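So the sequence lines, in the order shown, correspond to chains U and D. Going by our numbering, the first sequence opens with residue 791, and the numbers climb by one from there. Going by our numbering, the second sequence opens with residue 19, and the numbers climb by one from there.
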Amino acid sequence: MRTSEVTRTTEYTPYHPRWYRSRVSTYWWLWKWPYLKFVLRELSSIFVAYFAVLTLVQIQALSEGPEAYAEFQEWMKNPFCLALNAISLFFVLFHVLTWFNLAPRAMVVRVGGKRLPDALIAGANYVAWVVVSAAVTWFLLRKI
Amino acid sequence: MTKNLPSKARRHPEPFLWTLFSVGGVVAAFLIPVHLVLFGLAFPLGWLELPSYEKMHLLARLPLVRVYLFVLCSLSLFHWAHRFRYTLYDGLQIKHLNEVITVFCYGGALLGTAAGAYLLWNFR
Numbered sequence: 791m792r793t794s795e796v797t798r799t800t801e802y803t804p805y806h807p808r809w810y811r812s813r814v815s816t817y818w819w820l821w822k823w824p825y826l827k828f829v830l831r832e833l834s835s836i837f838v839a840y841f842a843v844l845t846l847v848q849i850q851a852l853s854e855g856p857e858a859y860a861e862f863q864e865w866m867k868n869p870f871c872l873a874l875n876a877i878s879l880f881f882v883l884f885h886v887l888t889w890f891n892l893a894p895r896a897m898v899v900r901v902g903g904k905r906l907p908d909a910l911i912a913g914a915n916y917v918a919w920v921v922v923s924a925a926v927t928w929f930l931l932r933k934i
Numbered sequence: 019m020t021k022n023l024p025s026k027a028r029r030h031p032e033p034f035l036w037t038l039f040s041v042g043g044v045v046a047a048f049l050i051p052v053h054l055v056l057f058g059l060a061f062p063l064g065w066l067e068l069p070s071y072e073k074m075h076l077l078a079r080l081p082l083v084r085v086y087l088f089v090l091c092s093l094s095l096f097h098w099a100h101r102f103r104y105t106l107y108d109g110l111q112i113k114h115l116n117e118v119i120t121v122f123c124y125g126g127a128l129l130g131t132a133a134g135a136y137l138l139w140n141f142r
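Written out as structure tokens, the structure reads:
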């Protein structure tokens, strides 16, 4: 085991100075906006998971038949669900914003030996996002 | 460089889990908002007319739509698993429950993936 190897090398002996580790409060992220932003961004993942579960429940209702599906849609109309969905949307949009704004760091595109500006890459992501959203909406709402 | 590392370090699942997190982040960013606006707000609030059961059923039976839904749900869950695990680790500094948290996060994502696969594979 690697952990035991590590423990063995860090064993305390009378001749070895004690490691200095300053205590950090559990709420270290609460008092500074960039830290708070970081934790809120990370917490957006909870709402991503909520959406996945909600979608699975909807597929389940759809596979059970028209009554189950109607019941699911009725249940979605209660204020608690609507509030939860609105909060989820807020957090997911926060994820979108932070994700696309980081995209230029993750994908460096060079054209003719020159690096494309960050704004162009982030912008391309936003344009693609609008196109994809419109396509999904069209696919769902078109007449068959 | 990598040759000198012990074999265990090279077989670490972290890069694979990070890739799932990353691809899941892209999928979530591109697709979840439109789904959430439509099914979470616009249809229940009556801003837009909810497609009929027959139409939804017809769409969900298309193989490509089922693959799409499977990828959307599964990758979103793996994105959550990875990010949430590190939120607990860095944000709340819960380090003594490391194993429990890891099992809960990735286990949950696996469970959701299995449920999605079962539901969509057997969808009639």
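In this text, a Cβ means the ideal position worked out from N, Cα and C, and glycines have one as well. Here the structure is a predicted model, which is why all the values come from computation and not from measurement.
The contact set of residue 68 of chain D on chain U, defined by CB atoms closer than 7 angstroms, consists of 863 in chain order. Within the DSSP bridge table, the entry for residue 901 of chain U names U/904 as partners. Secondary structure of residue 140 of chain D (DSSP, three-state): coil. Think of a sphere of 9 angstroms around the beta carbon of residue 839 of chain U: the chain D residues whose beta carbon falls inside it are 94, 95, 97, 98, 99, 102, 126, 127, 130, in chain order. Neighbourhood of residue 911 of chain U in chain D, by CB distance below 8 angstroms: empty, with the nearest CB roughly 14 angstroms away. The C-alpha of residue 849 of chain U is placed about 17 angstroms away from the C-alpha of residue 875 of chain U. Judged by DSSP in its simplified three-state form, residue 37 of chain D adopts helix. Taking all protein chains in view, the Cβ of residue 839 of chain U is crowded by 16 or more other Cβ atoms within 10 Å, so the residue is classified as buried. Rounded to the nearest angstrom, the Cβ distance from residue 852 of chain U to residue 130 of chain D is 17 angstroms, too far for a contact under 8 angstroms.
Around the C-beta of residue 870 of chain U, fewer than 16 other C-beta atoms lie within 10 Å, and the residue is accordingly described as exposed. For the set U/886, U/881, U/906, U/866, the Cα lying nearest the Cα of residue 919 of chain U is the one of U/886.
In the structure shown, residue 64 of chain D adopts coil according to DSSP, grouped into three states. By a beta-carbon distance limit of 8 angstroms, residue 43 of chain D does not contact residue 879 of chain U. Their separation comes to about 17 angstroms.
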